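S.K.: I'd like to ask some things about the structure below.
Encoded structure:
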């Protein structure tokens, strides 16, 4: 039924197209073509395989009642048209195959024909048919990059840049992936990849000699290869040049110097050198100015003019040589000028050595001065100008120790007064060489000094003094005392200042720490200070013996000096009985006080041993013996016994030890021991008797 419908439609269209006057088609039919094997619109084919299939599609279901075909046109010869009929596959699609026998680029158009009208495809397809070559034949041409001229007969102008124009092969009609290499005098200078069949290399500089250029081309897709080698020869051209040189005095506009001109060592000269070329050369010149002592200046420039100045010449007969060389061609030329140069004394100088002392004074060193390894020293130079100049001076110090280089120092400044940094030197004999150079005129002055550095052996000694204040605001001075006695009840107060005074034959600055110890306890320690005189103010010493140690320490060397003395502060502290023991058992103890003490005995004790101890806080004056009285309360018998000073003393105590001769201790006895306190006297004369005139040291105990 559908076919019948299409047939009727076709007949009506035919009748209308035959009987009526032609008018614009009423149908809108879109035609599109494509390769069946790929979606791209361009296909590359080898000439031996230039076949394929093309699909034509309609957007209307008219394929069964119309016709379709392809026009294939050679783009180089548009009259060469091949027509291929297509076969319908369904109501919307046609297909057909093509086969091409010649290489070239082809354009394909699809056409659908119905009712006497042609509908051309809205797109086109292209086929590149290649006849691939295995052997390539690159051709070479050479272009002067400055003039754009291409060489003829392979003869070139030397010292110019040329690019290489490469055509891979004029017979190749296809594009491929080509790679290339360019060799210049057998050295690879360029390589790369390209799509085009012609290219231009980067410029190459040709010198004045035969050059060999080789180009290799490789068709990487088809294994094609070609190599072309060309030898180029330079034209015979004179590349020499002339030097025009002038030397001026004082400025570039000053007097022109000629042979045997006279000037002084402080006269500045200015040189102008111009190159006059006979042939246009690359501007790469080495300019050189020298005298009898060697090169003054050498400079490489990319221009034909060189200026240099100011410069100064050494005294004497000077031969000035001016030369220039082209670094590309190696051509050179030179000229000479003979000058008479007279010496001018430009300056003198004073070289002195100084050291800093502990008061920060600057002490000038002479032949009799003492310098130690702890003295900070420095060098001072005073330059006296003989004419006005502001140029820099170079101060070069070489310090030798015992004949060997020890220290070097270079300072450049326009100052005429120079002080070096402070330095500490090791023990030894020194030589100081100073060279002062005014570099613009090469004027040089040399100075020489010798000195000796000694090693510090004994750094210092310590003097000290005590200043005691009185109630009337006057003072008492004790210089290096061994012992000072203080009576708090007098007008001389227990209020002291301590003065430290370091004595040394050396003057170097140092850092000290001062300290005071009283009875081995640190009373004071100063911060590190750089002073040799120090004062500690207002200290009240405790009662009794005060063993004082004052010291000063050099922080840098750890050298320590210590001095000792005693301050005895009188006290009113009568000696106290501390302990009494019989046969090792306490019958009295200051720390455990009782009215009666118990002495336990298992058997009667004849002539028992007694130990008596006094607290020695106030420095008791020791006696050889001590008399005691011992009373038996039951029998009321009293006996006086002498007890000697014990040979075994204990620190801070005074002991008496002996036998209670004729005394028998039995159980159930009561005893009383009395000691006259006037026998125990301290160094200030204090006794228990002074405090309590009728009271004895009394000990009561019972035996059990």
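Residue numbers (UniProt numbering): 1 to 704. Think of the CB as a built atom: it goes at the ideal place given N, C-alpha and C, for glycine as much as any other residue. Note that the structure is a prediction, hence the values are computed from the model and not measured.
Rounded to the nearest angstrom, how far is the Cβ of residue 702 from that of residue 599, given a contact under 8 Å?
M.R.: That belief holds up - the Cβ atoms of residue 702 and residue 599 are roughly 7 Å apart, short of 8 Å.
S.K.: Is it buried or exposed for residue 410, if we count other Cβ within 10 angstroms and need 16 for buried?
M.R.: Exposed, because fewer than 16 other Cβ atoms sit within 10 Å of the Cβ of residue 410.
S.K.: Thinking C-beta only, is residue 98 closer than 8 Å to residue 56?
M.R.: No; because the gap between Cβ atoms is not below 8 Å, this pair is not in contact.
S.K.: Please list the segments of the beta strand (DSSP E) lying wholly inside the region 93-181, counting only runs of 3 or more residues, in order along the chain.
M.R.: If we require 3 residues or more, the beta strand (DSSP E) runs fully inside the region 93-181 come out as 93-99, 104-114, 117-120, 125-130, 139-144 and 160-167.
S.K.: Decide if residue 655 is buried, meaning its Cβ has at least 16 other Cβ atoms within 10 Å, or exposed.
M.R.: Result: buried.
S.K.: Assuming residue 208 is part of the beta strand (DSSP E), what are its boundary residues?
M.R.: Premise fails: residue 208 is in no beta strand (DSSP E) and is neither H nor E.
S.K.: Quick one: is residue 574 buried, meaning 16 or more other Cβ sit within 10 Å of its Cβ, or exposed?
M.R.: It is buried - the Cβ of residue 574 has at least 16 other Cβ atoms within 10 Å.
S.K.: Could you check whether the region 293-304 touches the region 369-377, counting it as contact only if at least three pairs of C-beta atoms, one from each stretch, sit closer than 8 Å?
M.R.: They do not touch, by the three-pair rule.
S.K.: Can you name, in chain order, every residue of its own chain whose Cβ lies under 8 Å from the Cβ of residue 384, other than the five neighbours on each side?
M.R.: Contacts found: 347, 348, 349, 350 and 416.
S.K.: Can you tell which of 277, 108, 623 and 251 has the C-alpha that lies nearest to the C-alpha of residue 53?
M.R.: Checked all of 277, 108, 623 and 251; the closest Cα to residue 53 is 108.
S.K.: Look up residue 790 in the DSSP assignment and say whether it is helix, strand or coil.
M.R.: This structure does not reach residue 790, given that the chain is present from 1 up to 704, and the question cannot be answered.
S.K.: Quick check: the region 541-555 against the region 508-525, are there 3 or more CB pairs under 8 Å?
M.R.: Flag = yes, the region 541-555 and the region 508-525 touch.
S.K.: Nearest to residue 705 by alpha carbon, out of 682, 402, 584 and 602?
M.R.: Past the boundaries of the shown model lies residue 705; the chain is included only from 1 to 704, so the question cannot be answered.
S.K.: Apply the 10 Å Cβ neighbour rule to residue 273 and answer buried if 16 or more other Cβ atoms are within range, or exposed otherwise.
M.R.: Classification of residue 273: buried, given that the 10 Å Cβ count is 16 or more.
S.K.: Does the count of Cβ pairs from the region 338-345 and the region 263-281 closer than 8 Å reach three?
M.R.: Contact holds: three or more Cβ-Cβ distances are below 8 Å.
S.K.: For the structure I just gave you, are there three or more beta carbon pairs, one from the region 190-206 and one from the region 156-171, closer than 8 Å?
M.R.: Contact holds: three or more Cβ-Cβ distances are below 8 Å.
S.K.: Based on DSSP bridge pairs, tell me the residues matched to residue 579.
M.R.: BP columns for residue 579 point to 589 and 613.
S.K.: Quick check: the Cα distance between residue 22 and residue 224, rounded to an integer number of angstroms?
M.R.: Confidence at residue 22 is low in this model, with a pLDDT of 43, below 50, so the placement of that residue is unreliable and no value is reported for it.
S.K.: Hey, is the region 141-157 in contact with the region 221-239, meaning 3+ C-beta pairs nearer than 8 Å?
M.R.: Yes: at least three Cβ pairs fall under 8 Å.
S.K.: Tell me whether residue 669 sits in a helix, a strand or coil according to DSSP, three-state version.
M.R.: Reduced to three states, the DSSP call for residue 669 is coil.
S.K.: For residue 252, which of 487, 308 and 523 has the nearest alpha-carbon?
M.R.: Comparing Cα-Cα distances from residue 252 to each of 487, 308 and 523, the minimum goes to 308.
S.K.: Would you check if the region 430-438 and the region 392-406 touch, i.e. whether three or more CB-CB distances between them fall below 8 Å?
M.R.: The answer is yes - the region 430-438 touches the region 392-406, with three or more Cβ pairs under 8 Å.
S.K.: Would DSSP call residue 63 helix, strand or coil?
M.R.: If DSSP states are grouped into helix, strand and coil, residue 63 belongs with coil.
S.K.: Is residue 515 near residue 522, with beta carbons less than 8 Å apart?
M.R.: Yes, Cβ-Cβ distance for residue 515 and residue 522 is below 8 Å.
S.K.: Can you check whether the CB of residue 275 is closer than 8 Å to the CB of residue 231?
M.R.: Cβ distance not < 8 Å, so residue 231 and residue 275 don't count as in contact.
S.K.: If you follow the beta strand (DSSP E) that residue 252 is part of, which residue opens it and which one closes it?
M.R.: Unbroken run through residue 252: none, as it is neither H nor E.
S.K.: Grab me the residues of residue 639's own chain with a C-beta within less than 6 Å of its C-beta, minus the 5 sequence neighbours each way, in chain order.
M.R.: 630.
S.K.: Measuring alpha carbon to alpha carbon, tell me which of 450, 585 and 298 ends up nearest residue 367.
M.R.: Ranking 450, 585 and 298 by Cα distance to residue 367 puts 450 first.
S.K.: Could you give the distance in angstroms between the alpha-carbon of residue 244 and the alpha-carbon of residue 352?
M.R.: So the two alpha carbons sit approximately 51 Å from each other.
S.K.: Taking DSSP as the reference, what is the three-state secondary structure of residue 50?
M.R.: In this structure, residue 50 counts as coil in the three-state DSSP scheme.
S.K.: Do residue 201 and residue 168 come within 8 Å of each other at the CB atom, strictly closer than that value?
M.R.: No, they are not a contact pair.
S.K.: Suppose contacts are defined by Cβ-Cβ distances below 8 Å. Is residue 541 in contact with residue 476 by that definition?
M.R.: Contact: no.
S.K.: Quick one: complete beta strand (DSSP E) runs, 3+ long, within the region 264-310?
M.R.: Complete beta strand (DSSP E) runs here, min 3: 269-277, 285-291 and 294-301.
S.K.: With DSSP run on the structure shown, which of helix, strand or coil describes residue 39?
M.R.: Of the three classes helix, strand and coil, the one that applies to residue 39 here is coil, per DSSP.
S.K.: Around the Cβ of residue 289, are there at least 16 other Cβ atoms within 10 angstroms (buried) or fewer (exposed)?
M.R.: Buried, since its Cβ has 16 or more Cβ neighbours within 10 Å.
S.K.: Taking buried to mean at least 16 other C-beta atoms within 10 Å of its own C-beta, is residue 479 buried or exposed?
M.R.: With fewer than 16 other Cβ atoms within 10 Å, it is exposed.
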